[in-house]
Structures are given as C-alpha cells and as structure tokens.
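*Asks:*
2 protein chains.
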Amino acid sequence: MPFSFKIEKKGGRMRAGTLVTPHGIIQTPAFVTVGTKATVKALTPEQVASLGAQVVLANTYHLYLEPGDEIVRDGGGLGKFMNWPGPTMTDSGGFQVFSLGAAFGKNASKIAERGAVPEAAAGFRGDSDEKSSVHEALAKIDEDGVSFKSVIDGSPHRFTPERSMEIQHNIGADMFFAFDECTSPHAPYEYQHEAMDRTHRWAERSLDYHQKNVKRDGDGMPTQALFGIVQGGRHEDLRKESAKIIGGMNFDGFGIGGSFDKEDMYTVVGWVNDILPEGKPRHLLGIGEPEDFFGGIENGADLFDCVAPTRLARTGNLYGAHGRININNAKFKKDFDSIATGPDGKKCVCYTCANYTAAYLSHLFRANEMEAATLASIHNLHFIVNLVKMIRQSILDEKFQEFKKEFLTKYHGK
Amino acid sequence: MPFSFKIEKKGGRMRAGTLVTPHGIIQTPAFVTVGTKATVKALTPEQVASLGAQVVLANTYHLYLEPGDEIVRDGGGLGKFMNWPGPTMTDSGGFQVFSLGAAFGKNASKIAERGAVPEAAAGFRGDSDEKSSVHEALAKIDEDGVSFKSVIDGSPHRFTPERSMEIQHNIGADMFFAFDECTSPHAPYEYQHEAMDRTHRWAERSLDYHQKNVKRDGDGMPTQALFGIVQGGRHEDLRKESAKIIGGMNFDGFGIGGSFDKEDMYTVVGWVNDILPEGKPRHLLGIGEPEDFFGGIENGADLFDCVAPTRLARTGNLYGAHGRININNAKFKKDFDSIATGPDGKKCVCYTCANYTAAYLSHLFRANEMEAATLASIHNLHFIVNLVKMIRQSILDEKFQEFKKEFLTKYHGK
Numbered sequence: 001m002p003f004s005f006k007i008e009k010k011g012g013r014m015r016a017g018t019l020v021t022p023h024g025i026i027q028t029p030a031f032v033t034v035g036t037k038a039t040v041k042a043l044t045p046e047q048v049a050s051l052g053a054q055v056v057l058a059n060t061y062h063l064y065l066e067p068g069d070e071i072v073r074d075g076g077g078l079g080k081f082m083n084w085p086g087p088t089m090t091d092s093g094g095f096q097v098f099s100l101g102a103a104f105g106k107n108a109s110k111i112a113e114r115g116a117v118p119e120a121a122a123g124f125r126g127d128s129d130e131k132s133s134v135h136e137a138l139a140k141i142d143e144d145g146v147s148f149k150s151v152i153d154g155s156p157h158r159f160t161p162e163r164s165m166e167i168q169h170n171i172g173a174d175m176f177f178a179f180d181e182c183t184s185p186h187a188p189y190e191y192q193h194e195a196m197d198r199t200h201r202w203a204e205r206s207l208d209y210h211q212k213n214v215k216r217d218g219d220g221m222p223t224q225a226l227f228g229i230v231q232g233g234r235h236e237d238l239r240k241e242s243a244k245i246i247g248g249m250n251f252d253g254f255g256i257g258g259s260f261d262k263e264d265m266y267t268v269v270g271w272v273n274d275i276l277p278e279g280k281p282r283h284l285l286g287i288g289e290p291e292d293f294f295g296g297i298e299n300g301a302d303l304f305d306c307v308a309p310t311r312l313a314r315t316g317n318l319y320g321a322h323g324r325i326n327i328n329n330a331k332f333k334k335d336f337d338s339i340a341t342g343p344d345g346k347k348c349v350c351y352t353c354a355n356y357t358a359a360y361l362s363h364l365f366r367a368n369e370m371e372a373a374t375l376a377s378i379h380n381l382h383f384i385v386n387l388v389k390m391i392r393q394s395i396l397d398e399k400f401q402e403f404k405k406e407f408l409t410k411y412h413g414k
Numbered sequence: 001m002p003f004s005f006k007i008e009k010k011g012g013r014m015r016a017g018t019l020v021t022p023h024g025i026i027q028t029p030a031f032v033t034v035g036t037k038a039t040v041k042a043l044t045p046e047q048v049a050s051l052g053a054q055v056v057l058a059n060t061y062h063l064y065l066e067p068g069d070e071i072v073r074d075g076g077g078l079g080k081f082m083n084w085p086g087p088t089m090t091d092s093g094g095f096q097v098f099s100l101g102a103a104f105g106k107n108a109s110k111i112a113e114r115g116a117v118p119e120a121a122a123g124f125r126g127d128s129d130e131k132s133s134v135h136e137a138l139a140k141i142d143e144d145g146v147s148f149k150s151v152i153d154g155s156p157h158r159f160t161p162e163r164s165m166e167i168q169h170n171i172g173a174d175m176f177f178a179f180d181e182c183t184s185p186h187a188p189y190e191y192q193h194e195a196m197d198r199t200h201r202w203a204e205r206s207l208d209y210h211q212k213n214v215k216r217d218g219d220g221m222p223t224q225a226l227f228g229i230v231q232g233g234r235h236e237d238l239r240k241e242s243a244k245i246i247g248g249m250n251f252d253g254f255g256i257g258g259s260f261d262k263e264d265m266y267t268v269v270g271w272v273n274d275i276l277p278e279g280k281p282r283h284l285l286g287i288g289e290p291e292d293f294f295g296g297i298e299n300g301a302d303l304f305d306c307v308a309p310t311r312l313a314r315t316g317n318l319y320g321a322h323g324r325i326n327i328n329n330a331k332f333k334k335d336f337d338s339i340a341t342g343p344d345g346k347k348c349v350c351y352t353c354a355n356y357t358a359a360y361l362s363h364l365f366r367a368n369e370m371e372a373a374t375l376a377s378i379h380n381l382h383f384i385v386n387l388v389k390m391i392r393q394s395i396l397d398e399k400f401q402e403f404k405k406e407f408l409t410k411y412h413g414k
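If you read the protein sequences in the order shown, they are chains L and C.
For the first sequence, our numbering assigns the number 414 to the last residue and increments by one with no breaks.
For the second sequence, our numbering assigns the number 414 to the last residue and increments by one with no breaks.
Have a look at this one:
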C-alpha cells in the first residue's frame, strides 16, 4: 500500500510516528514546508531538502489560478513540476477562497500569521499574495459550493467539493484535503454551527468524489491520500461534534482547521484529538510559531504547516534559541560572529549560519539583495524543521516535558 | 609569486592563457561573473561555482557606500565576506562615480548594457542600483579627484586615486583597477584628450600608492594585483597613446575602459592590444553580449565582465544558441520541453534546463516568484561562461574562425 501511518511511541496524547507516502517517509511530528505556488519562496528544492525538510505543501487556490491545475498535471504533477522528489501535499483551497475573498474581512487570518507577522511583512518584494488584504466581499457561499473572484484579475470562479477534488487530483500531491468552509473567528455561534454542518456534508461529497475518481496504482490502491478537516471554531460542543463526524468518515488522515485564539488553541486540539481515530495522522493547519509546536504535539497533532518562517525571513526576522532577532538592527552591521543559535541553544549549524556572518546578512538586507531572502529563509526553516525533529526525539527519549521547559524558558527569555 | 600569467596558445592577436591568483587559477579567455554588492544577484556562491564561473567581480563604488569597505575588510576581505573561495576582482569605482553621478547623462552607459538591456529591466525587483538613471550632475572632477554624491542618500563623498586604492586594499580582492575617469562618448575630442591625460596621471598615483601600501605576503610579494586602465574614447590617436603610456607602467594587467560604439569596439581593442605588453592579462571592461566575445578575443582581450546575463535573466530573457527567448511569451505556458539550448546548439545542460520545464519557469515569472530570477540567472551565466570556455577551446584547437562562424550564424538566425 502506498500510504501507511505507524505510531512508534506514545506519551499521553503525544505520538512519534512514521508516515509512509509514495514519495518517501515522513517522520512525525513534522513541520511541513510551505511552497504556496509550487516553489518554496527564494529556495531551490535542493536547498529545501538540505535544511532537513521532509515534505512540501502547495496551495490549491493559487495553483488553480496560476498556472492552472491542468498545467501542473501535464507537467507531471506537483512534485515533478517543481522538481521536489519527496512527499507533497495540497490544502483544500478553502482557507484562501474565504480569506482572500474577504469573508474574513481584512484583519482576520490564521492566528499564527496574525500573531507573528507584521502586516507590512507580506508586502516584501511584491509577495503579498498569501495574506488577507482589503477586498470587497468576493466569496459567496451556498449549499453546493462557493463562488468567488480571482485575487489576480477579479475573474469569477466557483469551487464545489467535487471541483476541489478534481483540481487536487490534477495537481497530484501525495496528500490533500477535503473542501471545507473556513469561518471568521468573529462569526456568531449559530453561523459557526451552520458552516460546520455544511463542511461535514462537503466532506462526504469530497470523499465520495475522491474514491470514485482517484488514480489507482497497479494494485488498485489510491495514489493520493485524502484528509478530512475538522472545524467548529472555539466551541467545545461544535469541535467535538465535528471530530466525531469527520473522524467517522473513511479519510486517510485529518486536518484541524479554522482560526484560533492562541490561548485556547491547544485545548481545542486536545478535544478534537481525543475523538479522532488514533491510527491516522493529524495535521494542525496553518500553525505555527515555535511555542505552538509544543502545545500542538502535546495535544496529539502530528503535522504542522505555516508560512511564518519564510515570511518572517524575508523581513530579516530570524529565529534563535533566545527568541527572534531582526538582522536589520544597526548592531548587526559590524557583527562578524555567526548569525543565530539553533533550537538547541548552540551555534546554529544551518548553511547560512555556517558560512556567513551577521554583518554580511545585514548588508544583503540593507542592499535589498534577493540572496538576503534565500539565506534568511534557509535559517528559519532549518530552525523550525529541526525544532520539530528535536521535539520528536524528546518523545522517543521520554524527555518531552524537560525539553519543552528548557526550550520555552530560553525562547521567552525567562 | 601569488600572481602569474602564462600564454598557452596564440593565434594572431588571440591568446588562450592561464592566470594564477592567490585564490585559484583562471583559464583565459574568461567571463568574470559580476557580484556588484558582494553577491551575484539571486545566487549562492555554490550555485555560481557549479555553473562554471571562475572569478567574481564586485563593485568598489557600491561596496564603499554599503556596507563600507572597512566592514568588508573586517569581514575578512571580499572573498571571505561573501563566501566565495575563488579569485575575486573589484573595479575602480570610476565608471559608477561618473555614470551614477550623471556626468554621462541619463542615456549613456556601456554599450553592451545599452544595446542589450531594455531600460525597464534594471528596475526589476527593486534592483535599479547599477544602472545610469536620472540624477542631477552629481560628480565634479578636478585634477586631484572626484567629488560626488551618494546614489543612496545624496551624501557627499570624494574619490582620489589614493582613496580608491585604499578602499580597494580594504575590500581586498585578488585583482583590482587603477582609478580612472570615464568620459561620456558624446564628449568632444578636446575633453577626451584632457580626461585621458588626467587618467594617466591618476594611474601613476594609483600605482605609486599601491606599491607603497599593498599588503605583502611572507616573501614580500603583493597579495593583490593592480590593473591599469586604458582610455581614449573612439579616437585612434588617443587610444594608442593611452595604451603606450598605461602599458609602459608596471601594472600586473590592464583594463580597456570607456564606452564604445558597437561597430568600432573591436577595432579599438585591436589598436590597444597591439601596443600593450603581450605577457599581461587584458580585461575588456563591462562587455559583453555573446557576439562581443568573439570580436574582443580575436583582438586580444582575455577577460570580460558584464551585468547583462543576470539582468536579462531577471526579466525572463534567456540566451540560447539561436538567440534570446523571452520566457514570458504565452507560448511557453504549456511548453513542457526543456527551456533553452546551450552555446553548442544542443539541449542546455545547466541545472535549470536539466531540472525544469519552460512551463514551470514561465509560471515562476508570472507568479513573480524569486526563484524565477535564480533559475534564469543560472541558465544565462552558464550559457555565457561556457560560451567563453568554448571559444577558449577553439583557440587551443585552432578552430576559432570555424566556431565563430558556426555560433554567430546560428545566434543571428542566418
């Protein structure tokens, strides 16, 4: 079988596992590197691999609009098209339809993005495509699907669960997500409930279309794995109901979607994962910042993705064991030491820190050189990917709590 | 001795040689890759090396302004600062002082740049810094040197021959250039003459300062080599006089500077090289386009540098054996073949062409992804660097004329 998930070690809700895909193995918990438009911004796939990334997630909404899912298909599917030989994922397109279509309004986004990234950051080097920005209400929802206008040219488009599946079959990632409705965190309870019920009906239609139409290998096994998405906002009853219903469907894995308040995110993840079937992987969508991984993993999440590491990198914000530094700060102009520390608190061993000084990287940012984004992205992704790997190791070594305490104490400067 | 130049094969004015520097050997004729601000735009040094580049040239004017030559010095010198282990060069700063200082006016620049690059190209991704643009007359020349205003913030600065040498000693490239005055091609003969005489006096002062102040190795040998620059515009008598005077000074090599009309550039190079001492390397500054290498090499030039390959790359203009293509052209959207041909007319073997389709690169440009610039720059530099290597081989094989005819016939589509 092309897909399997095995839990190697457990500790409460936590698990360290192995996810087998047609394009390679992912050791979980893992950070999924985001390559929105079939490229991890500013990096070659070789650079992505060499910093330790195991899997890349691209964005259905963006690839559908540009270059078009049929072009990705005709280019051999996502991995071949972008020259990434490892495992791949796509998201459902739901989050972007609603956030770029302004169902969210201009100030709402995934909490990890909202919390971490200055508004201006997304505009760095013309790269404003992923963020929520000021649009008219361009997304219109009905029972059957969503009509929306393109963020590129305003042209009209429509996604239904079946269409999202068709597009994601064309893009051809190893793993992908059912089509869901992503509600605003400010929406009233009644609307959250209604939207969740619709998401459940859409999940069923997604699964149905997928099972009938997915490309199968010589043994008749599906070549792509479909994950269902649990919604329900911050409401305990809705989240538990959603976990029960989505968890009861025959998905290959699960996504936990929606927007969270940071303080109750881990609680929500815990409610959901106590109900989801244990033997399948769980992806906490659009999360996170360094501290989020501990809370998410402790509450049973296996996979994470977030644009923050690369987006922050492009503004010169670099992760270190003692928190983030901004390389644009004047003090780095003449700093010939290495740039930052790794998640273990020692001198970082990434390509960037091993070969360049803080003064050089600071110069590249001041000079507005593209290589600044490349070097900073390598560092930030290396930090995040390896932080999650270290958390995984701490689970295997039964030292999660010690590592969590040690890391967070340093990271928050206490 | 850290520096030596040996001619391996001659044919008329042409030569194939070996230039030994403290950081490695350069087989000449060679294309010198431009890394204006201590970075080859959009590429890591490993990418630069793997496409076949032998040497990188950075820009004294830009590094003096940002991050400052003392920071480059304190960072271990140019090569160490930018993590390029091979040979390095800096230009004198003269060309930028005069062109960015608008002594040239807004329409003058090196012919290879003017001929090859659409005006808009230089503005691609905020990278307008190297090109001549609209400034007030910010450079003021006197016998002792030039006062000019910074292109970054308008602050006042002054270069003299001694100051240019001091700055270039700080930057610490293996090879660098005497300070010269670069005149407008539209300047009258009398002014060209006057400027040339001044350049000769500045050459003497540059050489004098260098010999007294250059850092020497354990054997007392200079660790940096200084090249004098021949000027004289398009005038035969001035060019010959300049070659005689500069050629008579004890430089380690020579630059041929100034702006040319394309049609008489090769003639000028021939005049000069018939007079310059044969045993030292000659650098045709700021040139060129594919066709320029044949004319330059045939007339005795050994080294070339030009921003055109990377600047064109950032606009999606790619070299091929049959001329340039623009990957933004609609026909490439669904073209799943490899991108371009190499200088030999066969399928290009560069990293980009070996791993990506035209459709993918076209997508990256449309999506305004940084990786577009990286992949296109790798291809264009690979093409140019290897074209010059093939010309070198044709000299060794005594097949220069055949190769020239074959290449140019294809390239110009005749």
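The beta carbon of each residue, even a glycine, is placed where N, CA and C say it ideally should be.
None of the values given here were measured: they were computed from a predicted structure.
1. Taking the alpha carbon of L318 of chain C as the point to measure from, which residue in C:C350, C:G300, C:K334 and C:F293 has its own alpha carbon closest?
2. Would you give the residue range spanned by the alpha helix (DSSP H) that R205 of chain L belongs to?
3. How long is the line joining the alpha carbons of L276 of chain L and L78 of chain L, rounded to whole angstroms?
4. Can you tell me where the alpha helix (DSSP H) holding G410 of chain C begins and where it ends?
5. Distance check for F403 of chain L and F177 of chain L, CA to CA, integer angstroms please.
6. Which partner residues of A16 of chain L appear in the DSSP bridge assignment?
7. Would you list the residues sitting across from V146 of chain C in a DSSP beta bridge?
8. Spell out the partners DSSP gives K88 of chain C in its beta bridges.
9. Using three-state DSSP, classify I327 of chain L as helix, strand or coil.
10. Please state whether the Cβ-Cβ distance between L238 of chain C and M196 of chain C is less than 8 Å.
11. Once DSSP output is grouped into helix, strand and coil, what is the label at E130 of chain L?
12. Three or more beta-carbon pairs under 8 Å between the segment 231 to 251 of chain L and the segment 193 to 209 of chain L, yes or no?
13. Would you kindly work out how many angstroms separate the C-alpha atoms of R462 of chain C and G413 of chain C, rounded to a whole number?
14. What residues from chain L crowd round E66 of chain C, counting only those whose CB sits closer than 8 Å?
15. Please report the distance separating the alpha-carbon of T39 of chain C from that of G154 of chain L.
16. Would you grab the beta carbon distance between L303 of chain C and R282 of chain C for me? Rounded to a whole angstrom, and I think it's under 8 Å.
17. Does the beta-carbon distance from M89 of chain L to L65 of chain L come in below 8 Å?
18. Look at the Cβ atom of Q47 of chain C, then the Cβ atom of I378 of chain C, and state whether they are nearer than 8 Å.
19. Starting from I25 of chain C, follow the beta strand (DSSP E) in both directions and report where the run begins and ends.
20. Quick one, which residues of the segment 46 to 74 of chain L are near chain C if we go by CB-CB under 7 Å, in chain order?
21. Going straight from the alpha carbon of T352 of chain C to that of S50 of chain C, what length do you get?
22. Going by beta-carbon coordinates alone, are T315 of chain C and D335 of chain C separated by less than 8 Å?
23. Output needed in chain order: residues of the segment 332 to 344 of chain L with a Cβ under 9 Å from some Cβ in chain C.
24. Report the rounded CA-to-CA distance for S150 of chain C versus T160 of chain C, giving the unit in angstroms.
25. Straight-line CA distance for R366 of chain C to V34 of chain L?
26. Let me know the secondary structure DSSP gives G253 of chain C once reduced to three states.
27. Terminal residues of the continuous beta strand (DSSP E) containing A365 of chain C?
28. What's the gap between the Cα of S242 of chain C and the Cα of F5 of chain C?
29. From the DSSP output, in three-state form, read off N317 of chain C for me.
30. Taking the continuous alpha helix (DSSP H) assigned at I384 of chain L, which residues delimit it?
31. Between F254 of chain L and chain C, is there a C-beta pair that is closer than 8 Å?
32. Does the segment 254 to 262 of chain C come into contact with the segment 171 to 187 of chain C, if we say contact requires no fewer than three beta-carbon pairs (one atom in each stretch) closer than 8 Å?
33. Is the CB-CB distance between G345 of chain L and A321 of chain L below 8 Å?
34. What is the rounded straight-line gap between the Cα of D127 of chain L and the Cα of N368 of chain C?
35. Using a Cβ cut-off of 8 Å (strictly closer), state whether K37 of chain C contacts chain L.
36. Of all the beta strand (DSSP E) runs that stay within the bounds of the segment 213 to 293 of chain C, which reach a length of 3 or more residues?
*Replies:* Based on what the coordinates show:
1. Of C:C350, C:G300, C:K334 and C:F293, the residue nearest in Cα terms is C:C350.
2. Looking at the DSSP string, the run of the alpha helix (DSSP H) that includes R205 of chain L is Y189 to N213.
3. The straight-line gap from Cα to Cα measures roughly 29 Å.
4. Sequence check: residue 410 of chain C is Lys here, not Gly. Boundaries of the alpha helix (DSSP H) harbouring K410 of chain C: F400 to Y411, taken from the DSSP string.
5. Rounded to the nearest angstrom, the two C-alpha atoms are 32 Å apart.
6. Beta-bridge partners assigned by DSSP to A16 of chain L: L:K9.
7. DSSP lists C:I141 and C:F159 as the bridge partner or partners of V146 of chain C.
8. Looking at the sequence itself, residue 88 of chain C is Thr, so the reference to Lys does not match. Paired residues: C:V56.
9. Coil at I327 of chain L, not helix or strand.
10. In this structure, M196 of chain C lies closer than 8 Å to L238 of chain C by Cβ.
11. Confidence in E130 of chain L is poor, its pLDDT being 40 and thus under 50, which makes the residue's placement unreliable; the coordinate value appears in the next sentence. Judged by DSSP in its simplified three-state form, E130 of chain L adopts coil rather than helix or strand.
12. Enough Cβ pairs lie closer than 8 Å, so yes.
13. Residue 462 of chain C is absent from the model: chain C starts at 1 and stops at 414.
14. Here the neighbours are H363, R366 and A367.
15. In a straight line, the C-alpha of T39 of chain C is about 38 Å away from that of G154 of chain L.
16. About 7 Å separates the two Cβ atoms, so the contact holds.
17. Contact flag unset, no.
18. Their beta carbons are under 8 Å apart, which means Q47 of chain C touches I378 of chain C by this criterion.
19. Segment G24 to T28, the beta strand (DSSP E) holding I25 of chain C.
20. For the segment 46 to 74 of chain L, which is checked against every Cβ of chain C, the residues closer than 7 Å are E66, P67, I71 and D74.
21. Cα-Cα distance, rounded: 12 Å.
22. Contact flag unset, no.
23. Listed by position along the chain: K333, K334 and F336.
24. Near 15 Å, if we compare the C-alpha coordinates of T160 of chain C and S150 of chain C.
25. Near 19 Å, if we compare the C-alpha coordinates of V34 of chain L and R366 of chain C.
26. In the three-state reduction of the DSSP assignment, G253 of chain C falls in the strand class, which pools E and B.
27. Here the sequence assigns Phe to residue 365 of chain C, which means Ala is not the residue at that position. It is not in any beta strand (DSSP E) - F365 of chain C instead sits in the alpha helix (DSSP H) that spans A358 to R366.
28. Each residue's alpha carbon lies about 22 Å from the other.
29. In the three-state scheme derived from DSSP, where H, G and I count as helix and E and B as strand, N317 of chain C is classed as strand.
30. Looking at the DSSP string, the run of the alpha helix (DSSP H) that includes I384 of chain L is M370 to L396.
31. Closer than 8 Å: no.
32. Contact holds between the segment 254 to 262 of chain C and the segment 171 to 187 of chain C, because three or more Cβ pairs, one in each stretch, are under 8 Å apart.
33. With respect to the 8 Å criterion, G345 of chain L and A321 of chain L are classified as neighbours on the basis of their beta carbons.
34. Only weak support is given to the placement of D127 of chain L: the predicted model assigns it a pLDDT of 34, under 50, and the value that follows is read from those uncertain coordinates. Approximately 8 Å between the Cα atoms of the pair.
35. At least one chain L Cβ lies under 8 Å of K37 of chain C.
36. Here the runs fully enclosed are 225 to 230, 253 to 256 and 282 to 284.
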